[in-house]
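Engineer: Residue numbers (our numbering), protein chains in the order written: chain A, 1 to 131; chain B, 1001 to 1131.
Pasting a structure below so you can have a look.
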DNA sequence: TTTTCATATGCTAATATGGGCAAATGAGAA
DNA sequence: TTCTCATTTGCCCATATTAGCATATGAAAA
């Protein structure tokens, strides 16, 4: 049962569950810094969460230049397919702000460069408009 | 997200996951002492696990005389239905010994009385036959 | 009532977990 | 090479979780 126990454990933390749910609902690839800004968390913690999710086979990574793109790994068995569906059933309303922020954050991409997060005045300006 | 986080948390422990998976796969009602013996755990810990599962709405209880019957609570939303299916997808082989023990344990029921577990020589005799 | 039985709960010590900071990678740019 | 940037990792501290024991309930039997 260890695999299943570990999968539930990695999803049992608010922050990690939000990271995974966001990636699953948005369905594309995102940089660590974009996810961090969308969830209004520190970059190093988001990096830790993504690594924990990767360790359990929930997400995959792809290095692009200096950045790393993360996305949900395709479900390879029945358990994981149902788990994805369960998490997709979580109401969007619980993450609407973060999904909105992520879309905005991605729209700032310039030749695959990240506009750095919390301290960047441009980003703060944009983020405060989103309820 | 708190509800979902809490549900994953209660399933993130080996023992609690086994209790819930066993109840879900077997699909009937069982006494605390029966579940404890089937999982070869202490009665007080199994009682704690069942209460934690109940607190998150995963199982329900029914008092019968001195005993308490526990069973899986029907899924009431999409999330829970998919979660049940995910857990039902966990291979039976991982719990075959415990499912076997539970069936044996239930077959000993006498007018709703429990034959007490770990220290009862009759039960030990029966249990050691199951691989 | 008193006793017995099945289950539940309170307490404590050992262990695990999470967050934040600082420093380390690793890859491209200069 | 050296510098910069995005991400990762190691470390420490505060907090949370867990198991086991002892005790408490609550319901029926004596």
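C-beta atoms are modelled at their ideal positions from N, C-alpha and C, and glycine is treated no differently.
All values reported here derive from a predicted model rather than from experimental measurement.
1) Which one or two residues does DSSP pair with residue 1030 of chain B in a beta bridge?
2) Roughly how many whole angstroms lie between the Cα atoms of residue 1040 of chain B and residue 86 of chain A?
3) Count the other C-beta atoms from every protein chain shown that fall within 10 angstroms of the C-beta of residue 14 of chain A, then say buried if there are 16 or more, exposed otherwise.
4) Check each candidate in B:1008, B:1011, B:1020 and name the one with the smallest Cα separation from residue 1098 of chain B.
5) Name the chain A residues whose beta carbon is nearer than 7 Å to that of residue 1078 of chain B?
6) Using CA atoms only, rank isn't needed, just tell me which of A:83, A:125, A:32 is closest to residue 61 of chain A.
7) Please check the pair residue 1105 of chain B and residue 1038 of chain B, which I expect to be a contact at CB under 8 Å, by giving their CB distance rounded to whole angstroms.
8) Does the region 64 to 79 of chain A come into contact with the region 1004 to 1011 of chain B, if we say contact requires no fewer than three beta-carbon pairs (one atom in each stretch) closer than 8 Å?
9) Rounding to the nearest angstrom, what Cα-Cα distance links residue 144 of chain A and residue 1124 of chain B in this structure?
10) Classify residue 109 of chain A as helix, strand or coil using the three-state DSSP reduction.
11) From the DSSP secondary-structure annotation, give me the bridge partner or partners of residue 1061 of chain B.
12) Where residue 1069 of chain B and residue 1042 of chain B are concerned, what is the direct C-alpha to C-alpha distance, given to the nearest angstrom?
13) Should residue 1028 of chain B be labelled buried (16 or more other beta-carbon atoms within 10 Å of its own) or exposed?
14) For chain B, is any of its Cβ atoms less than 9 Å away from the one on residue 100 of chain A?
15) Is residue 1011 of chain B closer than 9 Å to residue 8 of chain A when the C-beta atoms are compared?
16) So, for residue 101 of chain A: in the same chain, excluding its five sequence neighbours on each side, which residues have a beta-carbon less than 7 Å away from its beta-carbon?
17) Taking only heavy atoms of the ligand MN into account, decide whether any of them is closer than 8 Å to the Cβ of residue 1088 of chain B.
18) Could you tell me the distance, in whole angstroms, from the CA atom of residue 73 of chain A to the CA atom of residue 54 of chain A?
19) Of all Cβ atoms in chain A, is any one closer than 9 Å to the Cβ of residue 1026 of chain B?
20) Look at the alpha carbon of residue 26 of chain A and the alpha carbon of residue 1051 of chain B, and state the distance between them as a whole number of angstroms.
21) Along chain A, in chain order, which residues have C-beta atoms closer than 7 Å to that of residue 1012 of chain B?
22) Which residues in chain B sit within 8 Å of residue 53 of chain A, going by Cβ to Cβ distance?
23) With 16 other CB atoms within 10 Å as the buried threshold, where does residue 76 of chain A fall?
Structural biologist: With the given structure in hand:
1) Bridge partners of residue 1030 of chain B: B:1070.
2) Taken atom to atom, the span from the alpha-carbon of residue 1040 of chain B to that of residue 86 of chain A is near 31 Å.
3) Result: exposed.
4) Out of B:1008, B:1011, B:1020, B:1020 has the C-alpha closest to the C-alpha of residue 1098 of chain B.
5) Near residue 1078 of chain B (Cβ distances below 7 Å), the residues of chain A are 89.
6) When C-alpha distances from residue 61 of chain A are compared across A:83, A:125, A:32, the shortest belongs to A:32.
7) Confirmed, about 6 Å.
8) Contact between the region 64 to 79 of chain A and the region 1004 to 1011 of chain B is not established, with fewer than three Cβ pairs separated by less than 8 Å.
9) With chain A covering only 1 through 131, there is no way to say anything about residue 144 of chain A.
10) Here DSSP, grouped into helix, strand and coil, assigns residue 109 of chain A to coil.
11) DSSP lists B:1070 as partners of residue 1061 of chain B.
12) If I take the Cα positions, the gap works out to 17 Å.
13) Residue environment analysis places residue 1028 of chain B among the exposed positions, since fewer than 16 neighbouring C-beta atoms fall within 10 angstroms of its C-beta.
14) Answer no: the Cβ-Cβ gap between residue 100 of chain A and chain B never drops below 9 Å.
15) In contact: residue 8 of chain A and residue 1011 of chain B (Cβ atoms closer than 9 Å).
16) Closer than 7 Å at the Cβ level, and outside the excluded window around residue 101 of chain A, lie 37, 38, 127, 130.
17) Summarising the ligand content, the structure contains no ligands, and the ligand MN is consequently not present.
18) Roughly 9 Å between the two C-alpha positions.
19) Answer no: the Cβ-Cβ gap between residue 1026 of chain B and chain A never drops below 9 Å.
20) Taking the straight line joining both Cα atoms gives about 36 Å.
21) The contacting residues are 5, 8, 9, 12.
22) Listed along chain B is no residue with a C-beta nearer than 8 Å to that of residue 53 of chain A; the closest approach is about 13 Å.
23) Residue 76 of chain A is exposed by the Cβ-count criterion.
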